[in-house]
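**Student:** Numbering (my numbering), first residue to last: 1348 to 1780. Where is the CB? At the ideal position from N, CA and C, for every residue including glycine. Because the structure is a prediction, the values reported are computed rather than measured.
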């Protein structure tokens, strides 16, 4: 079994990554278009991404597009659009079986052509996208905005992040407002398309068995030619990590929604430079079934239905996310803070630290099992500014000492406390039952 890892910069504003293992029977190509987050443009880029995934000039009818993918051994064409720190990442991926399983058919090359067509030749006729598809997408965006509050958990996490990173790009609401979506025009998306192509940093990942060399050649040459021809003035992203400084005093925000329990989200900010010491500390704090938050706040004190801690990507934040019985918000908050202080003082055993390391390194081993996971791993490492493999990360995590964990946790400072509690109407309804 051979593993190939590589990274090259063939043109300004272009990064190409290869992470291939001959055990994989599939091939994937992922194109990410990275731009700074901006509340004035984010909604348009979301809608544009959705629209470009519907059709292209080669297959202007989405049913025809879908049938062609099915004919290529059920290949999958995905679109995505999400925030990463202070950046917006939009793009497309194409996943297929390797050519050696396609009875001599060059599946991956055909799919590479479709992918390139979707990006460089979208279905823009007479300066406009297909009007029916545009209207459908515009209404989809409006529906997504309206449904945001339906998922109380994701809504609370999103709102807490908006408070924590207020004044920073990371606080931008990706979907924007209903008013903006209702006013969205076809011409605005065409304009956004041209601006995106002129200004986006392009990251391309080839991941799988490494047998799609012709497809890789097609994509690499097309993007290299394009990036060399444009007058690119965007940021040369060596990494997208952008830690956020904590507020002078924590900010407390409470909202009410019709629900049966409260959501308590606490965000800490850290300037810790020892990534893996902080990871181990957060796992001890609330990242495992034997963590302090799970064993004490949830199990022993029964203050939460769930209580977990996680590191917030590239922003230098740690989030504690919990579902709390109404009336227990303050008790839960105080105990969450107390457990952190105890950990900072070294209130954990060597065995607990070793268990955290085993849990983390076990999850790292599974990254090698799936091409998509490997692809996502190396893009996250790009965001951090390095090319560590999962094995490299496991070695660094295993070398972490208890003193380093305590030092890492000591950098965590409370920034935001967000509570989403039941309205009086919701409480009355629950009591009536």
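Within 8 Å, do at least three Cβ pairs link the region 1385–1403 to the region 1506–1522?
**Tutor:** The region 1506–1522, when compared against the region 1385–1403, does touch it at the 8 Å Cβ threshold.
**Student:** How would you call residue 1704, buried or exposed, if buried means at least 16 neighbouring beta carbons within 10 angstroms?
**Tutor:** Label assigned to residue 1704: buried.
**Student:** Short check: CB of residue 1655 to CB of residue 1628, under 7 Å?
**Tutor:** Cβ distance not < 7 Å, so residue 1655 and residue 1628 don't count as in contact.
**Student:** Exposed or buried, what is residue 1610 when buried is set at 16 or more other beta-carbons lying within 10 Å of its beta-carbon?
**Tutor:** Under this definition residue 1610 is a buried residue.
**Student:** Buried or exposed: which applies to residue 1599, given that a residue is buried once 16 or more other Cβ atoms fall within 10 Å of its Cβ?
**Tutor:** Classification for residue 1599: exposed.
**Student:** If residue 1579 and residue 1360 are in contact, beta carbons under 8 Å, what's the gap, nearest whole angstrom?
**Tutor:** Indeed, because the Cβ distance is near 4 Å, the residues count as touching under 8 Å.
**Student:** Quick check: the Cα distance between residue 1570 and residue 1516, rounded to an integer number of angstroms?
**Tutor:** C-alpha separation (whole angstroms): 28 Å.
**Student:** Can you tell me whether residue 1762 is buried or exposed? The criterion is at least 16 other CB atoms within 10 Å of its CB, across all chains shown.
**Tutor:** Buried, because 16 or more other Cβ atoms sit within 10 Å of the Cβ of residue 1762.
**Student:** My guess is that residue 1459 and residue 1562 are in contact by the Cβ rule of under 8 Å, so how many angstroms apart are they, rounded?
**Tutor:** About 4 Å; that satisfies the 8 Å criterion.
**Student:** Quick one, are the C-beta atoms of residue 1679 and residue 1711 less than 7 Å apart?
**Tutor:** Result no, Cβ atoms of residue 1679 and residue 1711 do not sit closer than 7 Å.
**Student:** Given a cut-off of 7 Å on the beta-carbon distance, is the pair residue 1556 and residue 1371 in contact?
**Tutor:** Contact: yes.
**Student:** In the structure shown, what three-state DSSP assignment does residue 1619 receive?
**Tutor:** Correct three-state label for residue 1619: coil.
**Student:** For residue 1696, which residues from the same chain have a beta carbon less than 6 Å from its beta carbon, with the 5 sequence-adjacent residues on both sides left out?
**Tutor:** Hits under 6 Å: none found.
**Student:** Note down, in chain order, each residue of its chain lying with its Cβ closer than 7 Å to the Cβ of residue 1660, except the 5 sequence neighbours on either side.
**Tutor:** Only 1431, 1432 meet the Cβ criterion.
**Student:** What are the boundary residues of the beta strand (DSSP E) that residue 1418 is part of?
**Tutor:** Residue 1418 -> not in any beta strand (DSSP E); alpha helix (DSSP H) instead, spanning 1409–1418.
**Student:** Determine the closest residue to residue 1694 out of 1639, 1725, 1681, with distance taken between C-alpha atoms.
**Tutor:** Cα-wise, what sits closest to residue 1694 is 1639.
**Student:** Enumerate in chain order the residues of its own chain whose CB-to-CB distance from residue 1527 is below 8 Å, with the five nearest sequence positions on each side excluded.
**Tutor:** Closer than 8 Å at the Cβ level, and outside the excluded window around residue 1527, lie 1390.
**Student:** Can you check which of these residues, 1662, 1649, 1663, is closest to residue 1670 by C-alpha distance?
**Tutor:** Measuring from the Cα of residue 1670, the nearest candidate turns out to be 1649.
**Student:** Leaving out five residues before and five after residue 1509 in sequence, what residues of the same chain have Cβ atoms less than 8 Å from its Cβ?
**Tutor:** Excluding residues within five positions, the ones whose Cβ falls inside 8 Å are 1518, 1520.
**Student:** Looking only at its own chain, which residues have a Cβ that is under 7 Å from the Cβ of residue 1576, when we skip the five neighbours before and after it?
**Tutor:** Same-chain partners within the cutoff: there are none.
**Student:** Counting only beta-carbon separations shorter than 7 Å, does residue 1486 have a partner in chain D?
**Tutor:** The chain inventory of the structure shown lacks chain D, comprising one protein chain alone.
**Student:** For a minimum of 3 consecutive residues, which ranges assigned as the beta strand (DSSP E) are wholly contained in the region 1664–1744?
**Tutor:** Listed in chain order, they are 1664–1671.
**Student:** Find the nearest neighbour of residue 1376 within the set 1663, 1618, 1456, judged by alpha-carbon distance.
**Tutor:** Taking only the C-alpha atoms, the option nearest residue 1376 is 1456.
**Student:** For my contact list, residue 1384 and residue 1435 are in at a C-beta cut-off of 8 Å; report their separation, rounded to the angstrom.
**Tutor:** Confirmed, Cβ separation roughly 5 Å.
**Student:** Could you tell me the alpha carbon to alpha carbon distance between residue 1617 and residue 1769, rounded to whole angstroms?
**Tutor:** About 31 Å.
**Student:** Roughly how many angstroms separate the alpha carbons of residue 1504 and residue 1651, rounded to a whole number?
**Tutor:** Taking the straight line from one Cα to the other gives about 16 Å.
**Student:** What separation, rounded to the nearest whole angstrom, lies between the Cα atoms of residue 1780 and residue 1608?
**Tutor:** With a pLDDT of 38 at residue 1780, under the threshold of 50, the modelled position of this residue cannot be trusted, and the question is left open.
**Student:** Does the region 1532–1540 come within contact of the region 1391–1400, defined as at least 3 CB pairs closer than 8 Å?
**Tutor:** Contact holds: three or more Cβ-Cβ distances are below 8 Å.
**Student:** By DSSP, does residue 1599 sit in helix, in strand, or in coil?
**Tutor:** In the structure shown, residue 1599 sits in a strand (DSSP, three-state: E or B).
**Student:** Pick from 1353, 1737, 1657, 1453: whose alpha carbon is nearest that of residue 1631?
**Tutor:** Nearest option by C-alpha distance: 1657.
**Student:** Tell me the residue span of the alpha helix (DSSP H) that contains residue 1570.
**Tutor:** Its alpha helix (DSSP H) spans residues 1560–1576.
**Student:** If you follow the alpha helix (DSSP H) that residue 1373 is part of, which residue opens it and which one closes it?
**Tutor:** No alpha helix (DSSP H) contains residue 1373, which is instead part of the beta strand (DSSP E) from 1373–1383.
**Student:** Could you compute how far the alpha carbon of residue 1783 sits from the alpha carbon of residue 1352?
**Tutor:** Because the chain in this structure spans residues 1348 to 1780, residue 1783 falls outside the shown range and cannot be described.
**Student:** Which two residues bound the contiguous beta strand (DSSP E) that contains residue 1455?
**Tutor:** No beta strand (DSSP E) holds residue 1455; the alpha helix (DSSP H) holding it covers 1454–1467.
**Student:** For residue 1818, which option in 1604, 1553, 1686 has the closest C-alpha, if you only look at C-alpha atoms?
**Tutor:** Lying outside 1348 to 1780, the shown extent of the chain, residue 1818 is not represented and no answer is given.
**Student:** Could you tell me which residues DSSP puts in a beta bridge with residue 1436?
**Tutor:** Paired residues: 1381, 1429.
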